[in-house]
Amino acid sequence: MKLVVVSAGLSVPSSTRLLGDRLAAAVGRAAEVDVHVVELRELAVEIAQNFTNGFPGRALAAAQDAVAGADGLIVVTPVFSASYSGLFKSFFDVLEPEALAGKPVLIAATGGTARHSLVLEHALRPLFAYLKAVVVPTGVYAASEDWGAEGLDGRIERAAAELAALMTGLSAVRAPRAPEADAFSAVVPFEEQLAALRPTG
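For the sequence shown, the numbering used here begins at 3 and goes up steadily by one.
Okay, here's the thing in structure tokens:
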């Protein structure tokens with residue numbers, strides 16, 4: 003299965019990228035995945051140009067294809083002004099409207115203080131619900147004091163296990179591609195996806 007990490011960290015090294023890497027590693031311990039990382043800071047110019055000319059550059063187009071073709075996503079943003087960063091939002095604004103429909107997504111964020119932890123619920127979760135993604139129940143927020151502290155590892159493992167379970171379940175019920183289908187994958191109705199995840203015993 004293909005797991006894509008979208009990181010909106012701006013610095014090098016980046017705590018945002020570090021959180022994304024730790025989440026991806028945890029998913030890899032729960033399921034067999036091929037991890038691909040999209041660093042948005044490297045795409046900032048092409049994202050801006052896409053807004054003005056309507057066409058993605060080569061690197062941005064490759065990132066868009068990776069996200070659209072993923073079996074699951076980990077999305078991580080730094081907190082700016084009590085919300086996701088503008089670069090983070092801009093990337094998802096230039097995706098095709100149905101690119102995330104039915105796709106499992108783990109939301110995560112980093113910030114300087116624990117007071118911004120609700121950004122997961124008031125900003126990220128509504129955004130991805132609007133994009134028709136299937137957002138895992140556990141989001142992961144890491145404040146500066148969380149690194150190395152008790153509790154972060156547990157949240158990472160719980161969220162990763164939820165994403166792995168959704169990825170495994172959804173890929174198991176994904177419809178076979180029809181010979182006459184176009185470049186987009188067949189979409190399994192959401193009701194069928196949920197039915198496949200319900201316990202049968």
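Yeah, the Cβ is synthetic: ideal placement off N, Cα and C, and Gly gets one too. All values reported here derive from a predicted model rather than from experimental measurement.
> Which word fits P58, buried or exposed, when buried means at least 16 other C-beta atoms lie within 10 angstroms of its C-beta?
Replying inline: buried
> Opposite F82 in the DSSP bridges: which residues?
Replying inline: Per DSSP, S85.
> Is there contact between the region 158-170 and the region 137-148, where contact requires at least three CB pairs shorter than 8 Å?
Replying inline: As far as the Cβ criterion goes, the region 158-170 touches the region 137-148, which means the pair count is three or higher.
> With distances taken from CA atoms, which of E147, F94, E100, L154 is nearest A46?
Replying inline: F94
> Going by the CB atoms, is the gap between M169 and A33 shorter than 8 Å?
Replying inline: yes
> Can you list the beta strand (DSSP E) stretches of 3 or more residues lying completely in the region 111-159, in chain order?
Replying inline: 142-145
> Which value, in whole angstroms, describes the spacing of the CA atoms of P15 and V81?
Replying inline: 16 Å
> How would you call E41, buried or exposed, if buried means at least 16 neighbouring beta carbons within 10 angstroms?
Replying inline: When all chains shown are included, E41 counts as buried.
> Can you tell me the Cα-Cα spacing of V8 and F53, whole angstroms?
Replying inline: 19 Å
>> Would A10 and L89 be called neighbours here (beta carbons separated by less than 8 Å)?
In response: yes
>> Let me check understanding here. Comparing Cα to Cα, which of A125, D155, H124, K105 lies closest to K134?
In response: The shortest C-alpha separation from K134 is found at K105.
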